[in-house]
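Notes follow the structure.
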Amino acid sequence: MTIPMSPDTLIMTAVSILVLPLVGFTLLLFFGKKLPRQGDWLETSIMTVVLGLALAVLAQKLQYYHDDIIALNFTWVDMNNVPGIGPLKIVLGFQLDNLSSIMVVVVALISTLVHYFSIGYMHGDARYSRYFAYLGFFSFSMLLIVLADNLLLLYVGWELVGISSYLLIGHWYEKKSASDAAIKAFIVNRIGDVGFFIGIAILYHTFHTFGLREIFEAIRGGHLPYGSEGWLTAAGVLVFCGAVGKSAQFPLHVWLPDAMEGPTPVSALIHAATMVAAGVYLVARTFPMMTADALLVIAYIGAVTAFISATIAVAQNDIKKVLAYSTISQLGYMIMALGVGAYTAGFFHLVTHAMFKAGLFLGSGSVIHAMHHALHHQGDHQTDAQDIRNMGGLKEKMPITFWTFVIYTLAISGIPLTSGFLSKDEILAGTLAFGGLSGHILIPITGFLVAGLTAFYMFRLVILTFLGEHRGTHRLEHVHESPRVMTVPLIVLAALSTFVFFSFNPFGAADGWIARAIERPESVTPASVAPATNQVFEEALHHAHLPAMGLSLLVATLGILIAFATYYWRKISADRVAESLRPLHTFLANKWYFDELYNGVVIGGTLGLTRALRWFDNIIIDGVVNGAGWLTKGTSFISGKVDLGVIDGLVNATAYITGFFGLLFRKFQTGKVQTYIVFAVLSVVIFYFVFRLV
Amino acid sequence: MEAFNTFFGEFLVWLPNVQLAHFLIVSAILFALGIYGITTRRNAILVLMGVELVLNAANINLIAFSRYGGANFDGQVAAIFVIILAAAEAAIALAIVLNIYHRFQTINVDEISTMKE
C-alpha cells in the first residue's frame, strides 16, 4: 500500500464493501439450494474479499487521509417547497472517518471468521444456505450502520440488523424457545427504537437535515432544538434509547441472554461482537451533541448494566448464558466509558472486546459442537450439551480450543500482555478521572468491582469447562477437537487478542495507532451544559492512569485467585457459600427476577388493560350496537305493518276497483253486432238529448 | 166509400203542399224499421234486408235534402253512389252468407260464434 488512492476511489471501495454482502445474500436467497455445497463458498469468499478491501481502505485512510473525513453524498428526495412543510430535501450519504474505517474492518473480520467457522459448525443443517444468506444480509446491514453519515440511513441499517438478528435467532424455529427468543429480541429492541426514532424526529424537526455533521455544525452555531438546552439533552437521551435496546443495556437487557437460542456462530457475530456494539458505535457517533446531563445518564446506565449482569453471570451454569451476561456487562463498560468521556477507551474496548468475545463464543461453539457429538454418539438426548456442570476435563481432548479460550479469558479479565488489559485499563482510568472531576464516585467503584467479578466468573467458566475431572461416564472418549475450519478462526482471534496488534507497549495504548486514530471529538453543546473539555479530562486521566492500572490488576488477580480457590483447589466450597447466601444466590440465579418483573408489570399490565377493554367492548360497545339493532328492528316492524296494511291495501284496492269495473264492462262486450248497434243507437239518442240540452 | 173519396179528394188537394219534413218522417220510419230488423232478426238474410232498409232511408234523406235544400244535384249523385254500393254490398254479403251456410249448415247469427273467445 504505497500508492495513495484518490478519495473518490476510497469511498467507492467502501460502498462496494457495503454492497458485496448484499449481492451474496440475493444470490444465495434465490439460487442457494442449486449451487454446489449450497453456496457457502460464495458468501464466504465474498466476505473474504470484503475483508481484504476493508483492510486496504483502513491502511489507506490511516496512512494518507489520517485527519480527513471522506464523504459521498447524494440527494435522495428533493421536493422544493412542499405546502405546509417548507422546503423538503433529504440528502443521504456515506462517510469514511477513522471511526468508521476501523469499525468496517472489525465487522468484516469477525464476519469473515464466523463464516469460516460456520462451515464446520452448521455442517448438515437443514437450512444451511439460508443461514449463510442471512449472515450476508446481516453483514450488509451492519456495514450500512457503520458507513452512514446521517441518522436516516443509520436508522435503516439499525432496523435491518434488527430483522437479521430476528431471523438468525429464530434459525431453528422448530424449537419453541428459539422462536420465542427471536420475538422477544425483536419486541424489546423495538421499545428502544421508538425512543431513537423520536430523538431523530426532534433533531430533524429542528435542523431539517439528517446529516450528523450538519447537525453538529448547527448546534455549535448556537441553534438548539426548540431553543432549549433541556431539549438537546432529551434528544441525546432519546437517541441513546436506541443504544439501550440494541446494546442490551439496563433495563432492556433481557433479550440478549435469550438470543443465545440462535446458532453459536451467530451469537459470536451478532450478539457479542458487532450488532450489540452498534449501540456503542451510535453513542460514539453522536457523542459531540451529548450534553453533560445526557452523558451522566449514559454513564449510570452503563455502570448499572455492567454491575447487574456481572452478578448474574456468577450464578449461571449454561456456558452461553455466562458469556451472554458477560457480553452485557462489557457493553455496559463501553457505554459507561463513553458516558464518562473516555471516548477513545470506550471505542477501543469495543474493538478488542469484539475480538476476544467473538473468540469466546466461537470457542464455546467448538465445545458445544464436541459435546453434542459425544452425547449423540452415546445416544444421550437428556443431558444438556451447554451446561458446564456436565463438562470438565476437556483440556486434554481439545487443546486448541482450550488454549485459545484461556487467551480470550485472560483478555477479558484484563491481564497484561492482552488487548483487553489495554482497553479496560483505559476505561477504568477514565472512570477514576471522571469520579475525581465530578464527584460521582459510585461509577469508578462499580467499574473496579465489575472487573473483579469478570475475572472471577470467567475463570470459573474455564475451570469448570476444561480443567478437573470430567463429570460424565465415558463421554470424554468421544469428545474430539473440532475440524480445522473451526480451529483456525479461533487461533486468528486469539492472536488478535494480544497487545501487539494495538500497541507495541504492553502496558499502555496511548501511543498505539487506535489511540492516535480515534480522538475524542470536542463537544458542540453550549458551554453551560458541556461535559469537561478534552484538556481537563486528559489532565485528570493522566493522574488516574497508574492507580487505575494497579487497582485493576489487583482486583483481577483477586478474582482469578478466588475462582481457582473455589473451583480448582476446592479450598472454598462453592456449595456451602451458595447455601449460606441462599437468598442472594437464588436472586442471582434467577437473573434479578427481571423476566418475572416484566412478565408481571408489562405483560400483566397489558393483559389487565386488554381485559378492561374487552369488558368495555362487551358491555358498552356491544350494548350500543345491540341497542341500535333493536331500534332498527322495531322501526322496520312498524314500517312493515304500514307497508302491508296501508300501502298494499291501497294497491290492492286499486286492483279490486279496476277488476270490478272490468267485470262490469265485460258484460257489454257480447260479441254480437246487433247488441252493438243497439248501443250505438241508444248512444246517439242519449247524445241527442245531451247536446240538445246544452 | 164516400168517406174514402172525401179523404182522397182532400189528400190530392193537399199533395202539392208536401214539405221536407214529410220525407224525413218517411225516412225516419224506414230507418227505425231497418234498425229494428237488424237487431231483432236472427236470420242473416233478414239482417241484410234490414241493412238495405237503412241504406234506402239514407237515400231518401239525401234526395230530399237535394230537392229542398240546394239548387244542385249533389245529393242525388250521392244517392246513386249509395245504390251502387248497396248492390256491391249485397253481392258480397250474400256470398258470405252462402259460405257461412256451407260451413255451419245454418244462417242463424247467434249460432255462428266460434270466433268469440
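From first to last, the protein sequence lines are chains A and B.
Take the first sequence: its letter number 4 is residue 4 in the working numbering, and every next letter is one higher.
Position in the second sequence (from 1) plus 1000 gives the number in the working numbering.
Beta carbons are placed, not taken as given, at the ideal position from N, Cα and C, and that holds for glycine.
Quick caveat, the model's predicted, so the values are computed rather than measured.
Residue i, buried or exposed, once every other Cβ within 10 Å from all chains shown has been counted against 16
i       : result
A/T525  : buried
A/D67   : exposed
B/R1103 : exposed
A/F347  : buried
A/A548  : buried
A/L607  : exposed
A/M1    : For A/M1, the predicted structure reports a pLDDT of 47, less than 50, and the residue's modelled location is therefore unreliable. A value from the coordinates is still provided. Classification for A/M1: exposed.
A/Q382  : exposed
A/P257  : buried
A/Y593  : exposed
B/L1020 : exposed
A/L663  : exposed
A/K321  : buried
A/L644  : exposed
A/H474  : exposed
A/F287  : buried
A/R692  : exposed
B/M1001 : exposed
A/V684  : exposed
A/W569  : exposed
A/D97   : buried
A/F660  : exposed
A/I518  : buried
Straight-line gap, residue i to residue j (C-alpha atoms, nearest Å)
i       : j       : result
A/E217  : A/I427  : 29 Å
B/R1041 : B/F1031 : 15 Å
A/V529  : A/L58   : 35 Å
B/F1007 : B/T1114 : 56 Å
A/A14   : A/D617  : 56 Å
A/G227  : A/H208  : 15 Å
A/L99   : A/P4    : 20 Å
A/Y204  : A/G379  : 60 Å
A/M290  : A/I198  : 16 Å
A/N534  : A/L212  : 21 Å
A/T703  : A/N80   : A query on residue 703 of chain A cannot be resolved here, the shown segment of chain A reaching from 1 to 694 and no further.
A/V146  : A/G86   : 31 Å
A/V239  : A/L631  : 54 Å
B/V1109 : B/G1070 : 42 Å
A/G24   : A/G39   : 9 Å
A/C241  : A/V276  : 13 Å
B/N1005 : B/F1011 : 10 Å
Own chain, CB closer than 6 Å to residue i, minus 5 neighbours either side, in chain order
i       : result
A/N73   : V91, G93
A/T352  : S419, G420, S423
A/G339  : L295, I298, A299, G302
A/A108  : V50, L51, A54
B/I1029 : none
Contact check, residue i vs residue j, beta carbons under 9 Å
i       : j      : result
A/G393  : A/E481 : no
A/A455  : A/F361 : no
A/S720  : A/L584 : Beyond the ends of chain A as shown, which are 1 and 694, falls residue 720 of chain A; an answer cannot be given.
A/L453  : A/P444 : no
B/I1084 : A/V681 : no
A/L449  : A/F307 : yes
A/D293  : A/T233 : yes
A/S129  : A/L28  : yes
A/A532  : A/F405 : no
A/L363  : A/Y325 : Note that residue 363 of chain A is Gly in the sequence shown, not Leu. Not a contact, by the Cβ cut-off of 9 Å.
A/L323  : A/M260 : yes
Cutoff 7 Å; reference residue i; Cβ partners in own chain excluding five residues on either side
i      : result
A/A385 : I368, M371, H372, L375
A/G245 : V188, N189, I191, G192, D193, L252
A/T566 : I572, A574
Residues near residue i in its chain [Cβ-Cβ closer than 8 Å; skip 5 each side]
i       : result
A/E596  : N590
B/A1090 : L1048, E1052
Test: residue i CB closer than 9 Å to a CB of chain D
i       : result
B/I1035 : In the structure shown, chain D cannot be found, because the protein chains are A and B.
Please give the ranges of any alpha helix (DSSP H) in the region 33-103 of chain A, keeping only runs that are unbroken, at least 4 residues long and fully inside the region.
Counting whole runs of 4 or more residues, the region 33-103 of chain A contains the alpha helix (DSSP H) stretches 40-64.
Unbroken stretches of the alpha helix (DSSP H), 4 residues or longer, contained in the region 150-208 of chain A
Listed in chain order, they are 151-169, 176-207.
Where are the alpha helix (DSSP H) runs, 4 residues long or more, that stay fully inside the region 351-418 of chain A, in chain order?
With a minimum length of 4 residues, the continuous alpha helix (DSSP H) runs that stay inside the region 351-418 of chain A are 399-413.
For a minimum of 4 consecutive residues, which ranges assigned as the alpha helix (DSSP H) are wholly contained in the region 563-635 of chain A?
Every unbroken stretch of the alpha helix (DSSP H) spanning 4 or more residues and falling wholly within the region 563-635 of chain A is given here in chain order: 574-580, 582-589, 594-598, 604-616.
Considering only residues of the region 456-529 of chain A, which uninterrupted alpha helix (DSSP H) runs meet the minimum length of 4 residues and lie entirely inside it, listed in chain order?
With a minimum length of 4 residues, the continuous alpha helix (DSSP H) runs that stay inside the region 456-529 of chain A are 484-496, 513-517.
Runs of 3 residues minimum, wholly inside the region 110-138 of chain A: which ones carry the beta strand (DSSP E) assignment?
Those beta strand (DSSP E) runs which fall completely within the region 110-138 of chain A and span 3+ residues do not exist here.
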